[in-house]
Amino acid sequence: MPTMTAAQQRQEAKLAYDAYLALCPSRRVLERISDKWVTLVMCALADGPQRYSELSRTIAGVSPKMLTQTLRNLDRDGLLTRAVTPTVPVTVEYAMTDLGRSLHAQIQGIKIWSEQHIDEIDSARERYDAAASVTD
4 MPTMTAAQQR
14 QEAKLAYDAY
24 LALCPSRRVL
34 ERISDKWVTL
44 VMCALADGPQ
54 RYSELSRTIA
64 GVSPKMLTQT
74 LRNLDRDGLL
84 TRAVTPTVPV
94 TVEYAMTDLG
104 RSLHAQIQGI
114 KIWSEQHIDE
124 IDSARERYDA
134 AASVTD
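Counting with our numbering, you get residues 4 to 139 for the letters of the sequence shown.
Right, here's the structure in full:
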């Protein structure tokens, strides 16, 4: 195997993390963070640590199973921490890590954009559907 120069090694490393490539490991990250529940959990935790029940009340429509799964995945990925306090009953709080806060800055922008442009999206969908029904 021929020896690679430092520039070649950097180029190869760069290609290894190109999300457009099918086998790029960064796709796992994109898959995780593009989930709506991840977005809502991360935005809910922006104000500080919260208990499971607080998150459940804040995020309307999330099932207990989905919230639990989302929290476990985010904990596993190092985006939040789970702190257990030995009280009766046990108190569990979730909080963002530094890594989670760095992601939150990006996710918050998407959440805000969605809220600001939903009317335009709905109008575009109505126009599209109306045009499609005329051509069918």
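From the three backbone atoms N, C-alpha and C, an ideal C-beta is built for every residue, glycine too.
Rounded to whole angstroms, what's the CA-CA distance from residue i to residue j? Just pull it up for me.
i              : j             : result
isoleucine 113 : serine 105    : 14 Å
methionine 45  : histidine 107 : 6 Å
glutamate 57   : leucine 74    : 13 Å
isoleucine 62  : alanine 47    : 8 Å
serine 126     : alanine 133   : 11 Å
valine 137     : arginine 130  : 11 Å
glutamine 12   : serine 117    : 40 Å
arginine 35    : valine 41     : 7 Å
threonine 84   : threonine 6   : 43 Å
leucine 33     : valine 93     : 33 Å
aspartate 122  : arginine 128  : 10 Å
glutamine 15   : glutamine 53  : Note on residue identity: the sequence assigns glutamate, not glutamine, to residue 15. Looking at the two C-alpha atoms, the distance is approximately 42 Å.
valine 87      : serine 66     : 22 Å
threonine 90   : glycine 51    : 20 Å
alanine 9      : leucine 24    : 22 Å
alanine 135    : aspartate 80  : 42 Å
tyrosine 20    : aspartate 38  : 21 Å
alanine 1      : aspartate 139 : Because residue 1 is not part of the residues shown, which for the chain are 4 to 139, the question remains open.
glutamine 119  : glutamine 72  : 29 Å
Going by DSSP, name the residue or residues bridged to residue i.
i            : result
glutamine 53 : Tyr97
valine 87    : Val95
Find out if the Cβ-Cβ distance for the pair residue i, residue j is shorter than 8 Å.
i           : j          : result
leucine 102 : leucine 82 : yes
serine 59   : leucine 43 : no
Compute the beta-carbon to beta-carbon distance between residue i and residue j, rounded to the nearest angstrom, for a pair I have assumed lies under 8 Å.
i             : j          : result
glutamine 111 : alanine 49 : 7 Å
Segment contact flag, the region 85–104 with the region 11–31, C-beta cutoff 8 Å, min 3 pairs: Taking a contact to require three or more Cβ pairs closer than 8 Å, the region 85–104 and the region 11–31 do not qualify as touching.
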